[in-house]
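Since the structure comes first, as structure tokens, the remarks are kept for the end.
Numbering (full-length UniProt numbering), first residue to last: 1 to 761.
Now the structure itself:
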């Protein structure tokens with residue numbers, strides 16, 4: 001029997017498919033003694049119509065199409081920015097290997113080059129004349145010289161987006177940032193270059209107050225925020241990259257003259273004969289024409305136990321051949337393979353999801369128009385009806401309106417809450433990928449859960465052994481474990497581990513042999529042993545009717561059943577199962593108490609699904625569900641108006657995780673699942689969902705409070721800056737007071753957001 005195995009491929013399989021890195025001599029199909037749910041490979045999902053960047057192969061794509069993460073309807077064939085919101089467009093389908101984001105590199109260069117200048121300007125503005133003893137006029141010139149490159153060079157991308165918002169008549173946060181920082185800088189620059197245009201009442205200590213620090217600090221903070229956002233956005237394509245990385249790069253093709261050669265996967269055509277050796281991945285979808293082995297198909301079905309394959313069986317590209325050599329005739333290549341279609345489903349699910357509009361963005365258009373309108377009216381009202389110098393007063397008051405309405409507090413309102421909430425969640429093993437997950441999680445009313453690795457541990461565990469015909473339970477376990485020492489199958493490993501845990505003395509097996517598709521056999525201490533399903537027992541003329549009741553009861557609990565024969569006599573039977581996590585019952589009870597509807601969807605057979613559902617009190621469940629079926633289930637529930645969350649851990653869950661309103665991945669699962677989901681439970685504990693929902697409720701409430709603070713300051717400050725009270729009090733709000741109010745509003749937002757750290761989860 002071939003025992004060679006690629007350690008590199010095994011390591012990759014452990015990372016990408018959450019499956020044991022072992023050979024196998026018998027499979028779940030043959031040991032479960034089941035003919036229905038595992039005898040054939042999963043059917044290929046129905047073809048998904050690709051968009052303009054549709055898949056042309058598992059590793060190659062059509063010309064790149066760029067779209068906006070917030071507005072998927074924006075599509076073009078070249079990079080750029082979104083005309084609606086100003087965000088940088090990103091590829092619909094990323095390449096497996098990409099260079100660093102050019103915009104991220106640009107923002108990083110601008111930030112680090114300008115940050116020292118911003119720091120100096122800030123220090124000078126706060127206490128510069130006391131530290132340097134500079135003449136106030138020279139200090140202002142010094143601040144102008146330092147702030148100018150920060151605003152005009154480092155902030156240039158923001159002013160371009162601000163200008164774009166006017167060109168496309170789409171006011172947004174960039175409009176506010178551009179107007180606010182531009183107004184603060186221009187006002188201050190004029191105060192330095194031509195201070196005489198301002199009334200003497202605006203002079204303090206013999207000079208007009210300048211606000212270079214406000215403009216510079218806002219530019220630097222915005223650059224920092226954009227850097228963090230771009231890094232986070234780059235993770236949205238990680239799921240697709242992980243999927244593409246599963247495909248083998250080459251295939252071993254058998255030529256017409258029986259010679260063999262390794263060719264690039266793109267050169268494989270329908271009808272080619274391919275050799276798949278132990279430890280290698282199946283190159284493309286096809287059918288076995290020679291050989292017998294077992295394939296790890298957990299990337300498609302989520303089932304952790306390998307599936308038996310022999311002549312006539314269908315195989316799926318990128319699945320792992322764990323033992324035995326196969327000759328496969330290719331049937332589907334390129335975009336027609338199951339892997340390529342899963343890639344397309346993940347991409348389309350990600351792009352079809354309605355983007356969350358943050359509360360600040362929802363009102364930004366009205367807010368911007370309102371602020372600009374008030375500033376213009378202030379300018380003309382003072383210029384026409386104000387005291388002399390009327391237009392100077394109008395200019396100053398208009399600038400004060402723009403400064404006090406600077407979007408610093410408004411811009412911090414939601415990000416600060418999200419930052420604090422993300423840190424709080426991380427302390428409890430809950431990782432949010434974006435603000436949309438935090439907002440939507442509190443709205444979820446339906447939770448779809450995968451079984452393997454989500455409700456259960458995701459690995460075979462020994463259940464029990466039953467002795468018959470004079471053999472004790474311990475005898476059965478000891479003999480089976482002794483024989484299974486010659487096997488590296490995950491079920492065998494579970495039996496051997498249990499025997500060693502019990503302290504049983506195991507003997508070395510002799511003449512070990514794998515009976516492909518039905519079990520293993522050999523000699524232990526001079527006795528002939530056979531361990532497998534009913535087919536193996538029939539081959540050895542061993543009657544199993546006496547154990548049928550116990551076997552049926554084990555299968556009803558979702559366990560895999562193996563018979564042990566000793567010297568042609570049935571000695572007993574053993575069962576191995578995928579155990580339910582100890583935390584799962586409590587988690588489901590808590591989620592039901594929160595009003596969530598629980599639906600289980602698993603690639604396992606209906607018998608196993610029913611057993612686990614009954615054990616956990618789940619009324620709605622579906623077995624033998626493939627990736628396309630899970631995706632369709634999510635879409636169907638969403639069409640009924642339900643807010644759906646999907647919890648899973650496998651590659652087969654990736655499309656549904658991306659399509660759901662909130663995708664929740666188990667941190668103990670695959671990278672593809674975590675990259676497709678918006679929330680990751682690091683410990684793989686479903687109780688984290690209830691904690692995450694509580695944090696979501698607290699965070700949204702905090703965000704509303706922050707927005708309330710921001711708008712309250714503007715509601716009170718803008719009329720004062722416009723001079724509404726001047727006819728009654730003779731007082732005006734100088735830009736210096738406006739800047740102070742702006743700073744206080746930001747401080748209030750930050751302080752309120754920090755209260756989230758005290759939230760009890």
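Where is the CB? At the ideal position from N, CA and C, for every residue including glycine.
Please read these numbers as outputs of a predicted model, since none were measured by experiment.
Inset, instruction - Could you tell me the boundaries of the beta strand (DSSP E) in which residue 563 lies? - result: Here residue 563 is taken as the residue at index 563 of the chain shown, counted from 1. Residues 560 to 566.
Inset, instruction - State the Cα-Cα distance for the pair residue 576 and residue 473, rounded to the nearest angstrom. - result: The residue you call residue 576 lines up with position 576 of the chain shown. The residue you call residue 473 lines up with position 473 of the chain shown. Answer to the nearest angstrom: the Cα atoms are 15 Å apart.
Legend entry - Other residues of its chain near residue 634: CB distance less than 7 Å, five sequence neighbours each side excluded: Counting from 1 along the chain shown, the entry for residue 634 is found at position 634. Contacts found: 448, 644, 646, 656, 659, 660.
Inset, instruction - Pull up the distance between the alpha-carbon of residue 748 and that of residue 404, whole angstroms please. - result: In the chain shown, counting from the first residue as 1, residue 748 sits at position 748. In the chain shown, counting from the first residue as 1, residue 404 sits at position 404. Approximately 15 Å, taken between the alpha carbons.
Legend entry - With 16 other Cβ atoms within 10 Å as the buried cut-off, status of residue 255: For the purposes of this step, residue 255 is taken as the residue at position 255 of the chain shown. Label assigned to residue 255: exposed.
Inset, instruction - Counting only runs of 4+ residues fully inside the stretch 623 to 700, write out the alpha helix (DSSP H) ranges in chain order. - result: 627 to 639, 654 to 659, 671 to 676
Legend entry - residue 431 to residue 524 span [Cα, whole Å]: Position 431 of the chain shown holds residue 431. Position 524 of the chain shown holds residue 524. If I take the Cα positions, the gap works out to 51 Å.
Inset, instruction - Report the three-state DSSP secondary structure of residue 316 (helix, strand or coil). - result: The sequence position of residue 316 within the chain shown is 316, counting from 1. Residue 316: coil per DSSP, three-state reduction.
Legend entry - Which listed residue (191, 88, 142, 158) has its alpha carbon closest to that of residue 111: In the chain shown, the residue the question calls residue 111 occupies position 111. Per the Cα distances, 158.
Inset, instruction - Output the boundary residues of the beta strand (DSSP E) element that contains residue 331. - result: Residue numbering aside, residue 331 sits at position 331 when the chain shown is read from its first letter. First-last of the beta strand (DSSP E) with residue 331: 326 to 332.
Inset, instruction - Could you tell me which residues DSSP puts in a beta bridge with residue 580? - result: Here the question's residue 580 lines up with position 580 in the chain shown. Paired residue(s): 456.
Legend entry - Proximity below 7 Å, CB of residue 425 to CB of residue 683: Locating residue 425 in the chain shown gives position 425, where the first residue counts as 1. Locating residue 683 in the chain shown gives position 683, where the first residue counts as 1. Not closer than 7 Å, so no.
Inset, instruction - Take residue 549 as the anchor and find which of 561, 538, 539, 542 has the nearest alpha-carbon. - result: The residue labelled residue 549 in the question sits at position 549 within the chain shown. Here the closest residue by C-alpha is 561.
Legend entry - Reduced DSSP secondary structure (H/G/I, E/B, other) of residue 208: Looking up residue 208 in the chain shown gives position 208. Correct three-state label for residue 208: strand.
Inset, instruction - Could you check how far apart the C-beta atoms of residue 570 and residue 469 are, in whole angstroms? I think they sit under 8 Å. - result: Translated into the one-based positions of the chain shown, residue 570 becomes position 570. Translated into the one-based positions of the chain shown, residue 469 becomes position 469. That belief holds up - the Cβ atoms of residue 570 and residue 469 are roughly 6 Å apart, short of 8 Å.
Legend entry - Neighbour-count burial assignment, residue 380, 16 or more Cβ in a 10 Å radius: For this step, residue 380 is matched to residue 380 along the chain shown. Under this definition residue 380 is an exposed residue.
Inset, instruction - Compare the beta carbon distance of residue 625 and residue 603 with 7 Å and say whether it is the shorter of the two. - result: Translated into the one-based positions of the chain shown, residue 625 becomes position 625. Translated into the one-based positions of the chain shown, residue 603 becomes position 603. Yes.
Legend entry - Three-way DSSP call (helix, strand, coil) for residue 377 in this model: Locating residue 377 in the chain shown gives position 377, counting from the first residue. In the structure shown, residue 377 sits in a helix (DSSP, three-state: H, G or I).
Legend entry - Range of the contiguous alpha helix (DSSP H) that encloses residue 161: As a first step, residue 161 must be located in the chain shown, where it is residue number 161. Unbroken alpha helix (DSSP H) run through residue 161: 156 to 167.
Inset, instruction - Determine the closest residue to residue 433 out of 84, 230, 182, with distance taken between C-alpha atoms. - result: By one-based count along the chain shown, residue 433 stands at place 433. Closest option to residue 433, Cα to Cα, is 230.
Legend entry - Straight-line Cα distance separating residue 494 from residue 461: Here residue 461 corresponds to residue number 461 of the chain shown, with the count starting at 1. Here residue 494 corresponds to residue number 494 of the chain shown, with the count starting at 1. Roughly 5 Å between the two C-alpha positions.
Legend entry - Beta carbon of residue 724 nearer than 7 Å to that of residue 374: What you label residue 724 is simply residue 724 of the chain shown in a count that begins at 1. What you label residue 374 is simply residue 374 of the chain shown in a count that begins at 1. Contact: no.
Legend entry - Stretch pair the stretch 588 to 602 + the stretch 476 to 496: three plus CB contacts closer than 8 Å: no
Inset, instruction - Between the Cα of residue 557 and those of 463, 629, 401, 487, spot the shortest distance and give me the residue it belongs to. - result: One-based indexing of the chain shown puts residue 557 at position 557. Residue 557 has its Cα closest to that of 463, out of 463, 629, 401, 487.
Inset, instruction - Return the Cβ separation of residue 247 and residue 318 in integer angstroms, given the expectation that the two are a contact with Cβ distance under 8 Å. - result: What you label residue 247 is simply residue 247 of the chain shown in a count that begins at 1. What you label residue 318 is simply residue 318 of the chain shown in a count that begins at 1. Going by Cβ atoms, the distance from residue 247 to residue 318 rounds to 5 Å, so yes, they are a contact pair.
Inset, instruction - Report the residue from 116, 118, 89 whose alpha carbon sits nearest the alpha carbon of residue 104. - result: Along the chain shown, read from residue 1 onward, the residue named residue 104 stands at position 104. Measuring from the Cα of residue 104, the nearest candidate turns out to be 89.
Legend entry - Three-state secondary structure (DSSP) of residue 91: The residue labelled residue 91 in the question sits at position 91 within the chain shown. If DSSP states are grouped into helix, strand and coil, residue 91 belongs with the strands.
Inset, instruction - Kindly indicate which residue of 169, 581, 642, 639 has the alpha-carbon position closest to the one of residue 616. - result: Residue mapping note: residue 616 aligns to position 616 of the chain shown, counting from 1. For residue 616, the nearest C-alpha among the options comes from 581.
Inset, instruction - Within 10 angstroms of the Cβ of residue 281, are there 16 or more other Cβ atoms? Answer buried if so, exposed if not. - result: Residue mapping note: residue 281 aligns to position 281 of the chain shown, counting from 1. Burial call: buried.
Legend entry - Length of the line joining the Cα atoms of residue 315 and residue 162: Stepping through the chain shown from its first residue, residue 315 is reached at position 315. Stepping through the chain shown from its first residue, residue 162 is reached at position 162. Cα to Cα, the separation comes out at about 54 Å.
Inset, instruction - Please confirm whether residue 402 and residue 189 have their CB atoms less than 7 Å apart. - result: Taking the chain shown and counting its residues from 1, one reaches residue 402 at position 402. Taking the chain shown and counting its residues from 1, one reaches residue 189 at position 189. Not in contact: residue 402 and residue 189 (Cβ atoms no closer than 7 Å).
Legend entry - C-alpha distance - residue 567 paired with residue 528, whole-angstrom precision: Looking up residue 567 in the chain shown gives position 567. Looking up residue 528 in the chain shown gives position 528. If you take the alpha carbons of residue 567 and residue 528, they lie about 5 Å apart.
Legend entry - Assigned secondary structure, residue 255 (DSSP; H/G/I helix, E/B strand, else coil): Position 255 of the chain shown holds residue 255. Residue 255 falls in the coil class under three-state DSSP.
Inset, instruction - Can you give me the start and stop residues for the alpha helix (DSSP H) that residue 550 sits inside? - result: Sequence index remark: in the chain shown, residue 550 carries index 550 (1-based). Taken as a continuous stretch (DSSP letters only), the alpha helix (DSSP H) holding residue 550 covers 548 to 556.
Legend entry - Rounded C-alpha distance that separates residue 762 from residue 114: Residue coverage of the chain in this structure runs from 1 to 761, which leaves residue 762 outside it and unanswerable.
Inset, instruction - Rank 320, 313, 312 by C-alpha distance to the C-alpha of residue 762 and give the top, closest one. - result: Because residue 762 is not part of the residues shown, which for the chain are 1 to 761, the question remains open.
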